[in-house]
Structures are given as structure tokens and as C-alpha cells.
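Student: Numbering (UniProt numbering), first residue to last: 1 to 358.
(1) How about residue 102 and residue 37: do their beta carbons lie closer than 7 Å?
(2) Which same chain residues end up closer than 7 Å to residue 29 when comparing Cβ atoms and leaving out the 5 residues on each side of it in sequence?
(3) DSSP three-state label for residue 66, please.
(4) Which residues does DSSP list as the beta-bridge partners of residue 275?
(5) Sort out for me which residues DSSP pairs residue 33 with in a bridge.
(6) So residue 99 is in the beta strand (DSSP E); what residue range does that whole segment cover?
(7) Using the DSSP secondary-structure output, state which residues sit across from residue 43 in a beta bridge.
(8) Pull up the distance between the alpha-carbon of residue 92 and that of residue 33, whole angstroms please.
(9) Our contact map puts residue 21 next to residue 62 with C-beta atoms below 8 Å; I'd like the distance itself, whole angstroms only.
(10) According to the Cβ coordinates, are residue 80 and residue 97 closer than 7 Å?
(11) Is the CB-CB distance between residue 330 and residue 313 below 7 Å?
(12) From residue 343 to residue 289, what distance separates their C-alpha atoms?
(13) Identify every run of the alpha helix (DSSP H) within the UniProt domain "SB" (290-358), keeping only runs that are complete inside it and at least 4 residues long; order them along the chain.
(14) Can you round the beta-carbon distance between residue 351 and residue 292 to whole angstroms, since I take them to be within the 8 Å contact cut?
(15) Evaluate residue 210 with the Cβ neighbour count: other Cβ atoms within 10 Å of its Cβ, from every protein chain shown; 16 or more gives buried, anything less gives exposed.
(16) May I ask you to report which of helix, strand or coil DSSP gives residue 75?
(17) For residue 296, count neighbouring C-beta atoms within 10 Å of its own C-beta (all shown protein chains included) and say buried if the count is 16 or more, exposed if not.
(18) Compute the beta-carbon to beta-carbon distance between residue 306 and residue 338, rounded to the nearest angstrom, for a pair I have assumed lies under 8 Å.
(19) Judging by CA-CA distance, which residue of 294, 225 and 95 is the nearest neighbour of residue 198?
(20) Under a Cβ-count criterion, where at least 16 other Cβ atoms within 10 Å of its own Cβ denotes burial, should residue 64 be classed as buried or exposed?
(21) To the nearest angstrom, report how far apart residue 253 and residue 246 are at their CA atoms.
(22) Taking 7 Å as the cut-off, decide whether the C-beta atoms of residue 40 and residue 66 are in contact.
(23) Could you give the DSSP three-state label for residue 287: helix, strand or coil?
(24) Alpha carbon to alpha carbon, what distance is there between residue 60 and residue 200?
(25) Between residue 55 and residue 68, which are expected to be in contact by the criterion C-beta below 8 Å, what is the C-beta distance as a whole number of angstroms?
(26) May I ask you to report which of helix, strand or coil DSSP gives residue 59?
(27) What separation, rounded to the nearest whole angstrom, lies between the Cα atoms of residue 324 and residue 294?
(28) Do residue 26 and residue 58 have their beta-carbon atoms positioned less than 7 Å apart in this structure?
(29) Would you mind stating whether residue 310 and residue 334 have Cβ atoms separated by less than 7 Å?
Here it is in C-alpha cells:
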């Protein structure tokens, strides 16, 4: 590539703008031969935040071969330009993409020798808005403003007459082998430069692939770490549940042993009572042997008898067997007696260590 100093350019609206251009050739391998394709790259004042404007600049011995990547004016269209994202996108990567794309679909072919000389190709300037793909506006420093519409303020100047139609299909003559490094006098690029460019392209591709693999591996590692943390938390919960179950099992076993012991005691007591009941009087079994408990039993029986007497007095009053005065007299006497019995029974139960009944 050869760097041109900034020069004033006249646009369709009459304004001028100084732009920097890079012209030179890119080595393209096609069907076993290496061809040097002349190109011109225009760097706008918003570069590197917006892509350069690229043109194929054929010599008088070449003709432009229009296709999906090159139009009749030599304007180059590439996905790399349309998806330009600094700082990942750069001129070196752009040149490498051109080498690959032009190797599959050459943008020029040699002019037939019988045809009239090719008209001079005008200096390519910045394109109009119809050639510039829309790119998202990006901030690029003080004194500039991003234009998301794709530089509508830079119209493409008028170009010369279109290239004549031809039926020729042969490519431009292959470049002779060169041993020097860098561009030669005829504009070709040396083998060492090509080799260095290819090595750089392969290195960049390997670095990108390596970064992708490392990012993918890191994502998988992060996912595995999260899974490991979840498994550890689950394992801890399971251990807590197992410990809790062991404690509950120990309590259950303890209660089972206690119930078995109580069952054996009850069985022995029942057998003992059955053996004693055959020789004992029923009254001796029912009536308490201790005087205190016997007193409590008698007081309880007498108190319940008074309760029944009051109930039947009420029934007699309801049926008219006795009058109201007789009912009230007997109920008053029985209630006083019942109160005394309850008070005495409560005192006896307290002495015996029994709970309160009322």
C-alpha cells in the first residue's frame, strides 16, 4: 500500500474535503496463480469508528468484473465493512478478507488486446449515500458527531464514463515471482510480504478461535462450578436430614423399649390380680383398705346421693306431688348438707395427695 497525503476533493454539492487515501495492490491466488489486484481505500475523518470506502482501481489493461462484491464503478461491498466494529475491525483484517473474497470471485479481468485502450480511471472519491451501508453511529472524539445514517454529508463526486462491455473472461496477467520484501517498482507485493500477511491472518484467526474456545471453556467451567455449589448445598441438606432421621430413629427406639417395659409390667400386674381375685372377696377389692381413702369414697357416694335427691324433688314439684314450700325447704337443707360434704371431701383429697375434684 502507498499512502497519499490529504488532498482537497470536490463533492457534488460544491464543497471540498481533505481525505486520506491508501492505494496499492493485494495479492490474490486464483487457480494456482497469484494476481495483484489494484485497490484504493478512502479513510474518512471518522475512521476508525466507521469503515473505509473501498474501490477496485483497474489499470488500462484491466476491466471491472461486476458481482455481488463489486459494482460497475468498482465500489467494493463486503460483510466485513457492513459489520465494522472497532477496535476488532481494522485495515489488516479488511485486506485479508479481500484476499479471500477476490480469490473466489476476481473483481477484474484483462482487457482483450483487440479492444480500444481503456479510458483513464478517475480518482475515486468518497461515495454518495446510495453506496454507503448504514452503520451505527459511535462517539469518536471531540469536535465530531457520530452520523448513524452513514455520512450523508459526503456525496460521491461525478465519475468518468462507465466501463465498456466485453465478452472476455480471462483474468489479469499473473504477477511474476518476486523475491524482494515490500512493494516493487511495478506495484506488486513480494513473497515475503505475502507470507507475512498470511501468517498474520492465520495467527489472528487462531487467536480468535483460541479466544472463542477459551470463552466457551470458561462458560462451561462456570456452569460446572455453579452445579458443584448446588450439589454441595444439596449434599449438606441431605446430611442434615440423615442426622435428623437418626435422632428421630433413636427416640423411636427408646420409646419402643419403654413401651415394651410398661407392657411387661402391666402383664405381670394383670396376672397377679387374676391370681388374687380367685381367693379375695369382691368387697375387699372394691372398698379401699386405708381409712382416708374409705372416707373419701363414702363422702363422694353421699354427695352424689344428695344430688340425685334434689333432682327427684324437682320432678315431684313439676308433677304436682309436692308444693313449692316443701320443695324449697328440703332443697335448702340438702344443699347445705351437700356443701359440707364437698368441703370435707376436698380436704381429705388434699391430704391424700389427690387433685381437686371441683
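Note that the Cβ used here is the ideal one computed from N, Cα and C, for glycine as well.
Tutor: Let me spell this out:
(1) The criterion of a C-beta distance shorter than 7 Å is satisfied by residue 102 and residue 37.
(2) Contacts found: 103.
(3) The answer is coil: DSSP assigns residue 66 none of H, G, I, E or B.
(4) Note: residue 275 is not bridge-paired with any residue in the DSSP secondary-structure output.
(5) Bridge partners of residue 33: 30.
(6) Note, residue 99: premise wrong, no beta strand (DSSP E); alpha helix (DSSP H) at 91-104.
(7) For residue 43, which the question treats as bridged, DSSP gives the partners 20.
(8) Straight through space, the alpha carbons of residue 33 and residue 92 are spaced by roughly 22 Å.
(9) Taking 8 Å as the upper bound for CB-CB distance, residue 21 and residue 62 are not in contact here, some 19 Å apart.
(10) Cβ distance < 7 Å, so residue 80 and residue 97 count as in contact.
(11) Closer than 7 Å, so yes.
(12) Answer to the nearest angstrom: the Cα atoms are 23 Å apart.
(13) DSSP runs (the alpha helix (DSSP H)) wholly in the UniProt domain "SB" (290-358): 291-319 and 324-352.
(14) Contact between residue 351 and residue 292 holds, with the beta-carbon distance rounding to 7 Å and staying under 8 Å.
(15) By the C-beta density criterion, residue 210 is exposed, having fewer than 16 other C-beta atoms within 10 angstroms.
(16) Strand, per DSSP.
(17) Buried, by the Cβ-count rule.
(18) So it is a contact: roughly 4 Å between Cβ atoms.
(19) With respect to the C-alpha of residue 198, the residue from 294, 225 and 95 having the closest C-alpha is 95.
(20) Taking all protein chains shown into account, residue 64 has 16 or more neighbouring C-beta atoms within 10 Å of its C-beta and is therefore buried.
(21) So the alpha carbons of these two residues sit roughly 10 Å apart.
(22) With contacts defined by Cβ atoms closer than 7 Å, residue 40 and residue 66 do not form a contacting pair.
(23) Residue state, collapsed to three classes: coil.
(24) Going by C-alpha positions, residue 200 is about 32 Å away from residue 60.
(25) Actually they are not in contact, since the Cβ atoms of residue 55 and residue 68 sit about 16 Å apart, beyond 8 Å.
(26) The three-state secondary structure of residue 59, taken from DSSP, is coil.
(27) Taking the straight line joining both Cα atoms gives about 37 Å.
(28) No, Cβ-Cβ distance for residue 58 and residue 26 is not below 7 Å.
(29) Judged by beta-carbon spacing, residue 334 lies within the 7 Å limit of residue 310, meaning their Cβ atoms are closer than that value.
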